[in-house]
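Student:
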Amino acid sequence: MRWQIRQAVLSDFRWLVRVDSLAENDDDRRTQIAIAISKGQCWVACDAGDPAVPVGYGCLDKSFFGEWFVPLVIVSNAHRRCGIGRKIIAHLEHCSSATKIFTSTNMSNTPMRQLLAQLGYQSSGVVENLDPGDPELIFMKVLDE
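Sequential numbering of the sequence shown, starting at 1, is according to full-length UniProt numbering.
#1: Could you check which residue in ASP144, PHE102, TRP68 and SER11 has the C-alpha nearest to that of VAL44?
#2: How would you call THR99, buried or exposed, if buried means at least 16 neighbouring beta carbons within 10 angstroms?
#3: Please list the terminal residues of the continuous alpha helix (DSSP H) segment that includes MET140.
#4: Quick one: complete alpha helix (DSSP H) runs, 4+ long, within the UniProt domain "N-acetyltransferase" (1-145)?
#5: If we ignore side chains and look at the alpha-carbon of each, how far apart do MET82 and GLY56 end up?
#6: Relative to the C-alpha of CYS95, which residue among ASP144, ARG18 and MET107 is closest?
#7: Would you say THR103 and PHE139 are within 8 Å of each other, going by their C-beta atoms?
#8: So GLU67 and ASN106 are in contact, right, with Cβ under 8 Å, and what is the actual spacing, rounded?
#9: Assuming ILE88 and GLY58 form a contact by the criterion Cβ under 8 Å, report the distance between their Cβ atoms to the nearest whole angstrom.
#10: Look at the alpha carbon of VAL142 and the alpha carbon of ASP134, and state the distance between them as a whole number of angstroms.
#11: Anyone know if the C-beta pair for ARG6 and PRO71 falls short of 8 Å?
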């Protein structure tokens, strides 16, 4: 399949909630997604043959001490390990127009940690006590200028 990335629109919201298993039962996550879409800070991954149905999404903002930050990269369970997460992150890096970019993930999220290592992200810190027993790991990548 050929995957394309496009900016999310309001009509994508219901699909993104389906893609994101946490959003199905979490009002805060649904609000976060809706705000990102309305601010133009959300991009979706779709099959190029069916661009109306997102299979993943990512968000980009400057919420991390004024630095570019990727707060969410979500791929549906059925479409993981297909290169979609890699494509979303690469697109967000390009959109940032920055010299460096940050993201984070829980220590327990081994697939995301592996992906970030493959993409050249380096460890940049740890935040304890957000999720009990599962520290948040901060990562940074220097982007080509």
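Each residue gets a CB set at the ideal place from its N, CA and C atoms; glycine is no exception. Nothing here was measured: the structure is a model prediction, and the numbers come from that model.
Tutor: Here's the rundown:
#1: Along the sequence shown, read from residue 1 onward, the residue named residue 44 stands at position 44. Nearest of ASP144, PHE102, TRP68 and SER11 to VAL44, Cα basis: SER11.
#2: To locate residue 99, count along the sequence shown from 1; it is residue 99. The residue is exposed, with fewer than 16 neighbouring Cβ atoms inside 10 Å.
#3: On the sequence shown, position 140 is the one that residue 140 refers to. MET140 -> not in any alpha helix (DSSP H); beta strand (DSSP E) instead, spanning 136-142.
#4: 13-19, 27-38, 84-96 and 110-118
#5: The sequence position of residue 82 within the sequence shown is 82, counting from 1. The sequence position of residue 56 within the sequence shown is 56, counting from 1. Residue 82 is actually Cys in this sequence, not Met. Cα to Cα, CYS82 sits roughly 11 Å from GLY56.
#6: If you number the sequence shown from 1, residue 95 lands on position 95. It is ASP144 whose Cα lies nearest to the Cα of CYS95.
#7: The residue labelled residue 103 in the question sits at position 103 within the sequence shown. The residue labelled residue 139 in the question sits at position 139 within the sequence shown. In this structure, PHE139 lies closer than 8 Å to THR103 by Cβ.
#8: Here residue 67 is taken as the residue at index 67 of the sequence shown, counted from 1. Here residue 106 is taken as the residue at index 106 of the sequence shown, counted from 1. Not really, about 20 Å apart at Cβ, beyond 8 Å.
#9: Locating residue 88 in the sequence shown gives position 88, where the first residue counts as 1. Locating residue 58 in the sequence shown gives position 58, where the first residue counts as 1. Their Cβ separation, rounded to whole angstroms, is 4 Å, which keeps ILE88 and GLY58 in contact under 8 Å.
#10: The residue labelled residue 142 in the question sits at position 142 within the sequence shown. The residue labelled residue 134 in the question sits at position 134 within the sequence shown. Spanning the two alpha carbons is a distance of roughly 26 Å.
#11: The residue given as residue 6 occupies position 6 in the sequence shown. The residue given as residue 71 occupies position 71 in the sequence shown. For ARG6 and PRO71, no; Cβs fall outside 8 Å.
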